[in-house]
Structures are given as structure tokens and as C-alpha cells.
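K.L.:
So that we are looking at the same thing, I have put the structure below in C-alpha cells.
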């Protein structure tokens, strides 16, 4: 089985698990968020080994804040589920759009010293995918209009989160944050974009924008 097939199957399984936990809500989603945060922190400490205590403390909040944000969005939103799925859609479509557009037509390197495989075309493809799919979800379910504007902005932050983790791995001399997920590496490799999107969406909700 080639790498793309393995990556696709793993991705579908991860998406299915996340959506199932989100729909279930309650303790099921709380446990899901806690396990994800624990895995993120474990992989973070693996990357920053030898960097000092400050990095370990930063990693604690890096793992905790998005988990709390997702729980807040799930339990405090008027729609309960729709905004949470919007977070997932924006994050996933950014990642998937960037990957496939980058593979198809990517030529100009986005940040060659940090992540040589990422391209400007991939970035644009990810932002467009998030804008279209996130906007479509918000339109169909009549979510707050601000989400139409926030989708491309948060897509950029998702890409920034990806680049930040890539910078950390390059500094540590690691290819992946872990080896749990076939075709993907570690869990942090797949959730690095979700971290900023989850936190920013929770802040937007608290401010009344979402």
C-alpha cells in the first residue's frame, strides 16, 4: 500500500473518531479531549528534551488550552455541535487543501529553512479550501456571519501552527513528533493546526463573534 493510501485511511479513521466523540459529547468528548491533550504534551516533551523547564511549562499550556477550548465550544455554544464541527472543518480542509494543492502544483517554497515540503501554492489552496468549506457549513447551518471572515484568517493561523511545530522538529533534529499514526507521524503532527484554531474560535465565541 503506498504512502498516500495509508495516509488517507489513517486520516479517515481519525476524522471518524473525532466526529463520533463530538457527537457523543459529555464525558466521551471530555475523555477524547483529555487523551489528545496528554498525547500532545507527551510528544511536545519528546521534541523539547534538553531545552529547559520553560519549554516544558509552555508545552503544558500548549496542550491544555486547545482541549479546554474544544470543551467550551462543545458545551457552551447555542448550537452545541455546529460550531465545533466548523472548527474541525476549517482545520482539516486547510491541511488537506494545502497537501493536495501543494503536491499538484506547488513550486514556490513557503519556508524552505523550516519545512522544505510546504509551498506558497499549498498555503493558498488550504486557505481557499477552508474558506469555501467553512463558509458553506456556516451558510447552511446559519451560523454567525463573522465565521465567513474568520475561516480564511483561522486557516492562516492553522498553517502558522503547522510551521511552528515544523520549526520545533527541525531544531530538535526530528522528522515527526511521534510514530503512532501510519502515514502521519505523531498526533501533534496532525493537531498542530487545530491548536490555534480551537483557541481562537473559543475567544471569538467569548467575544460574541461566533
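Numbering (this note's numbering), first residue to last: 647 to 856. Just so you know, even glycine gets a beta-carbon here, dropped at the ideal spot from N, CA and C. Being a predicted model, the structure only gives us computed values, none of them experimental.
Pull the bridge partners of residue 765 from the DSSP assignment, please.
P.N.:
Here the question's residue 765 lines up with position 119 in the chain shown. Answer by DSSP bridge pairing, in chain order: 755.
K.L.:
Quick check: the Cα distance between residue 816 and residue 668, rounded to an integer number of angstroms?
P.N.:
As a first step, residue 816 must be located in the chain shown, where it is residue number 170. As a first step, residue 668 must be located in the chain shown, where it is residue number 22. Going from the Cα of residue 816 to the Cα of residue 668 covers about 33 Å.
K.L.:
Taking the alpha helix (DSSP H) that residue 798 belongs to, which residues open and close that run?
P.N.:
In the chain shown, the residue the question calls residue 798 occupies position 152. Note, residue 798: alpha helix (DSSP H), 792 to 818.
K.L.:
Note the first and the last residue of the continuous alpha helix (DSSP H) segment covering residue 672.
P.N.:
Indexing the chain shown from 1 puts residue 672 at position 26. Run containing residue 672: 672 to 693, per the alpha helix (DSSP H) assignment.
K.L.:
Residue 840 and residue 737: beta carbons closer than 8 Å?
P.N.:
The residue given as residue 840 occupies position 194 in the chain shown. The residue given as residue 737 occupies position 91 in the chain shown. Contact flag set, yes.
K.L.:
Output needed for residue 806: all residues of its chain with C-beta closer than 8 Å, excluding positions within five of it in sequence on either side, in chain order.
P.N.:
In the chain shown, residue 806 corresponds to position 160, counting from 1. Excluding sequence neighbours, residue 806 sits near 842.
K.L.:
Determine, using beta carbons only, whether residue 719 and residue 848 come nearer to each other than 8 Å.
P.N.:
In the chain shown, counting from the first residue as 1, residue 719 sits at position 73. In the chain shown, counting from the first residue as 1, residue 848 sits at position 202. It is a contact, given that the beta carbons lie within the stated cut-off.
K.L.:
Ignore the nearest five residues each way along the sequence and tell me which others in residue 757's own chain have a CB closer than 7 Å to its CB.
P.N.:
Numbered from 1 along the chain shown, position 111 holds the residue referred to as residue 757. Closer than 7 Å at the Cβ level, and outside the excluded window around residue 757, lie 764, 809.
K.L.:
In terms of alpha-carbon separation, which member of 746, 703, 729, 665 lies closest to residue 786?
P.N.:
As a first step, residue 786 is located in the chain shown; it is residue number 140 there, counting from the start. For residue 786, the nearest C-alpha among the options comes from 729.
K.L.:
Does the distance from the CB of residue 717 to the CB of residue 845 come in under 8 Å?
P.N.:
Residue numbering aside, residue 717 sits at position 71 when the chain shown is read from its first letter. Residue numbering aside, residue 845 sits at position 199 when the chain shown is read from its first letter. In this structure, the beta-carbon distance from residue 717 to residue 845 does not fall below 8 Å.
K.L.:
Give the C-beta separation of residue 767 and residue 780 to the nearest angstrom, bearing in mind that I take them to be a contact with Cβ-Cβ under 8 Å.
P.N.:
By 1-based counting over the chain shown, the position of residue 767 is 121. By 1-based counting over the chain shown, the position of residue 780 is 134. The C-beta separation of residue 767 from residue 780 comes to about 20 Å, leaving the pair out of contact by the 8 Å criterion.
K.L.:
Out of 731, 744, 727, 683, which has the shortest C-alpha to C-alpha gap to residue 801?
P.N.:
As a position in the chain shown, residue 801 is number 155, starting the count at 1. The shortest Cα separation from residue 801 among 731, 744, 727, 683 belongs to 744.
K.L.:
Suppose you measure from the CA of residue 677 to the CA of residue 695; what does that come to, to the nearest Å?
P.N.:
Here residue 677 refers to the residue found at position 31 of the chain shown. Here residue 695 refers to the residue found at position 49 of the chain shown. Going from the Cα of residue 677 to the Cα of residue 695 covers about 27 Å.
K.L.:
Since I believe residue 777 is in contact with residue 790 (beta carbons under 8 Å), could you give me their beta-carbon distance rounded to a whole number of angstroms?
P.N.:
One-based indexing of the chain shown puts residue 790 at position 144. One-based indexing of the chain shown puts residue 777 at position 131. At roughly 16 Å, the Cβ-Cβ gap does not stay under 8 Å, so residue 790 and residue 777 are not in contact.
K.L.:
Can you name, in chain order, every residue of its own chain whose Cβ lies under 7 Å from the Cβ of residue 713, other than the five neighbours on each side?
P.N.:
Residue numbering aside, residue 713 sits at position 67 when the chain shown is read from its first letter. Hits under 7 Å: 679, 680, 682, 683.
K.L.:
Count the other CB atoms within 10 Å of the CB of residue 811; is the residue buried (16 or more) or exposed (fewer)?
P.N.:
Mapped onto the chain shown, residue 811 falls at position 165. With 16 or more other Cβ atoms within 10 Å, it is buried.
K.L.:
Return yes when the Cβ of residue 835 is within less than 8 Å of the Cβ of residue 822, no when it is not.
P.N.:
Here the question's residue 822 lines up with position 176 in the chain shown. Here the question's residue 835 lines up with position 189 in the chain shown. Against a cut-off of 8 Å, the Cβ pair of residue 835 and residue 822 comes out as a contact.
K.L.:
Would you check if the distance between the CB atom of residue 741 and the CB atom of residue 700 is smaller than 8 Å?
P.N.:
Locating residue 741 in the chain shown gives position 95, counting from the first residue. Locating residue 700 in the chain shown gives position 54, counting from the first residue. No, the Cβ-Cβ distance between residue 741 and residue 700 is not below 8 Å.
K.L.:
Write down the C-beta distance between residue 784 and residue 850 rounded to the nearest angstrom, noting that I regard them as a contact closer than 8 Å.
P.N.:
Indexing the chain shown from 1 puts residue 784 at position 138. Indexing the chain shown from 1 puts residue 850 at position 204. With 8 Å as the limit, residue 784 and residue 850 do not qualify as a contact, their Cβ atoms being about 12 Å apart.
K.L.:
Taking the continuous alpha helix (DSSP H) assigned at residue 715, which residues delimit it?
P.N.:
Walking along the chain shown from the start, residue 715 turns up at place 69. In the DSSP assignment, residue 715 falls within the alpha helix (DSSP H) that extends over 699 to 722.
K.L.:
What would DSSP say about residue 728, mapped onto helix, strand or coil?
P.N.:
The residue you call residue 728 lines up with position 82 of the chain shown. Residue 728 falls in the helix class under three-state DSSP.
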